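Numbers given in the working numbering equal positions in the sequence shown, counted from 1, plus 179. The beta carbon of each residue, even a glycine, is placed where N, CA and C say it ideally should be. These figures come from a predicted structure and were not determined experimentally.
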Amino acid sequence: MLSFSAFHPVLLLLYNTFSTAAPLSHSVISKQIWANRHCSAIWEDLNLLAIYLRFGNYWPPLGNLLWLTNTFSNIGSALCQLRLKYGPIISLHVDSHTLVFICDASLAHKALVQNASTFSDRPPALAAGIILSKNQNNISSANYGPFWRLLRRNLMLEILHPSRIKSYSQGRKWFLDLLIETLKEHANSGESVCIIKNFEHSMFRLLLLMCFRQKFDENTVKKIETAHKRMLVSIMKSNFYPFLPKIGKLIFRKRWNDLLRMRHEQAELLVPLMRTCDDRSQGHEEDSKTFVFCYIDSLLGLELLEEGGRKLTKGEMVSLCSEFLTAGIASTSTSFQWIMANLVKHQDLQQKLVEEIVSVVGMEAEELGEEDLNRLLYLKAVILEGLRRHPPGHFVLPHAVSEEVTFEGCVIPKDTIVNFTVPDIGRDEKVWEDPMAFRQRDSWIVERMWI
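See the structure below:
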């Protein structure tokens, strides 16, 4: 009967033959897939070998073919297993691309803060991403430079600055009233109440108000929301595999054409709203008391000095608006679900939160005012604990190193794609006591104003 060790030279030969990376030595590959004498360890290494094959590390032709039946979202569980055996810095290969994942809070801080200029760039977008971002001309995909800084500074100062956030207080009140009214209607009808669906719909209406300065009727909102969701689904289906960027458009021609059509339909809905917003902003001096600055107003006023002072195109503004709507709904909705689920599960935390609210606004109050938030320190602690324990995304947006860098003894070549596993950062046992528990943490209870 052949032992596992009999296949060790074969695996080494296959890797050195087919890998696009430099060949590994006999000793290195032994550390990674060599099984010890214990049966349990043999199965563990076989499992890790299957993971490596799946993601293209040891036999890229086979690994790349397996990407046809697996999405990038499945990589999270594999990284958890790999980290336990190989440490907090892991590299995987997809065709000729190297993906580096950093799974440690201190290392993430060292990369993103202490070496920010090196790790701040973005990798080239996939085929579908180029359509969504209008050739990487939005905040989440633009290369680090003057254009990205202009877009980010505009969003942070003109829309997300505390003074701007306060100007939308009436819009948030309208959003809350709309949500409560809808939930009451469903409850009184005897139907089952789908809270999250109504929450997302109301949130979408609020973001449209912040984006276009208009309270749209229900029919218009549903048209825009439907087009937006169909676009996102089409993007996920059309992100042709990295090793088939051109052939993928031919093999999956129908998907590609559907993506282009949906992008066109989305633009047909949003561009007229931009024109209306532009027309209204021209005469806002006459209505200065009710005029509220919106995202489109800020984009219409931008000038790209590095490109001769040109304005943003309609296509670029559609991309930026789509990005704004996506970022505002997905993360908020996901966080809301996890926090509410944990409050239902942990009745003691829920009771303490209720007691704090009653102590601030009284037993007879039907709702909280925004002016009360600065006094609700425990509420803020619950939200922060929810974000720590259940981050809205498993990864951050992908980064790329702008030059070759030696990081913690590892040489990372220029243009390598680098990402960070957010759950690992929030569940670091060196930082958090009992990190997997959702609990009260005194570090969250601080005298700090809400934004």
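Please classify residue i as buried or exposed, where buried requires at least 16 other C-beta atoms within 10 Å of its C-beta.
i       : result
Met-335 : exposed
Lys-376 : exposed
Cys-473 : buried
Val-580 : buried
Pro-341 : exposed
Val-610 : exposed
Thr-405 : exposed
Lys-363 : exposed
Leu-339 : exposed
Pro-570 : buried
Pro-592 : exposed
Met-542 : exposed
Ser-368 : exposed
Glu-495 : buried
Gly-350 : buried
Ile-310 : buried
Val-561 : buried
Ile-624 : exposed
Arg-328 : exposed
DSSP three-state label for residue i, please.
i       : result
Asp-594 : coil
His-699 : The chain is shown from 180 up to 630; residue 699 falls before or after that span and cannot be answered.
Phe-280 : strand
Leu-271 : strand
Cys-589 : strand
Phe-391 : helix
Phe-599 : strand
Asp-300 : strand
Ala-579 : strand
Val-584 : strand
Phe-574 : strand
Met-441 : helix
Asp-613 : coil
Asp-621 : helix
Glu-360 : helix
Leu-261 : helix
Asn-398 : helix
Asn-436 : helix
Phe-383 : helix
Pro-188 : Because the pLDDT at Pro-188 is just 33, under 50, the model does not fix this residue reliably, and the value given afterwards should be weighed accordingly. Three-state DSSP puts Pro-188 in a helix.
Arg-568 : helix
Restricting to Cα atoms, I'd like to know which of the options is closest to residue i.
i       : options                               : result
Glu-546 : Cys-259, Ile-268 and Ile-359          : Ile-359
Ile-604 : Pro-267, Lys-416 and Ile-254          : Pro-267
His-573 : Cys-589, Thr-600, Gly-548 and Leu-563 : Thr-600
Leu-552 : Gly-565, His-569, Leu-532 and Pro-571 : Leu-532
Arg-332 : Asp-283, Asn-317 and Arg-301          : Asn-317
Ser-622 : Glu-564, Met-441, Pro-570 and Met-615 : Glu-564
Trp-353 : Leu-386, Arg-343 and Asn-367          : Leu-386
Asp-300 : Leu-566, Asn-598, Gln-445 and Asp-607 : Asn-598
Ile-344 : Met-389, Ile-374, Ile-309 and Glu-364 : Met-389
Ser-256 : His-276, Cys-282 and Thr-277          : Cys-282
Glu-486 : Thr-277, Ala-287 and Phe-326          : Phe-326
Cys-259 : Pro-602, Ile-624 and Glu-608          : Pro-602
Glu-444 : Thr-399, Ile-426, Arg-454 and Met-410 : Met-410
His-525 : Gln-349, Gln-293, His-365 and Arg-618 : Arg-618
Thr-631 : Gln-516, Ala-304, Ala-287 and Leu-305 : Absent from the structure is residue 631, since the part of the chain shown begins at 180 and ends at 630.
Ser-285 : Ile-624, Asp-607, Asp-613 and Pro-614 : Asp-607
Ala-307 : Val-584, Val-590, Leu-439 and Leu-357 : Leu-439
Arg-554 : Glu-535, Asp-356, Arg-567 and Ala-544 : Glu-535
Ser-319 : Leu-522, Val-590, Glu-582 and Cys-500 : Cys-500
Cys-456 : Ile-426, Ala-446, Met-441 and Asp-476 : Asp-476
What's the gap between the Cα of residue i and the Cα of residue j?
i       : j       : result
Phe-391 : Ile-403 : 12 Å
Phe-378 : Ser-514 : 12 Å
Gln-530 : Gly-548 : 20 Å
Leu-504 : Leu-330 : 16 Å
Ala-290 : Val-279 : 12 Å
Met-415 : Leu-558 : 35 Å
Ile-269 : Ala-321 : 25 Å
Ser-371 : Ser-381 : 18 Å
Val-450 : Ala-616 : 47 Å
Arg-620 : Ser-538 : 20 Å
Ala-229 : His-578 : With a pLDDT of only 46 at Ala-229, under the threshold of 50, the placement of this residue in the model should not be trusted; the figure read from the coordinates follows. Spanning the two alpha carbons is a distance of roughly 27 Å.
Ser-498 : Lys-313 : 6 Å
Lys-428 : Trp-435 : 6 Å
Met-519 : Lys-394 : 28 Å
Pro-302 : Asn-294 : 17 Å
Asp-594 : Arg-489 : 29 Å
Glu-550 : Val-540 : 11 Å
Met-453 : Glu-337 : 17 Å
Phe-586 : Arg-384 : 45 Å
Which runs of the alpha helix (DSSP H) spanning at least 4 residues fall entirely within the stretch 446 to 503, listed in chain order? 474 to 479
Give the list of continuous alpha helix (DSSP H) stretches no shorter than 4 residues that lie fully inside the stretch 497 to 564. 526 to 540
Note down, one range per segment and in chain order, each beta strand (DSSP E) of at least 3 residues found wholly within the stretch 305 to 378. none
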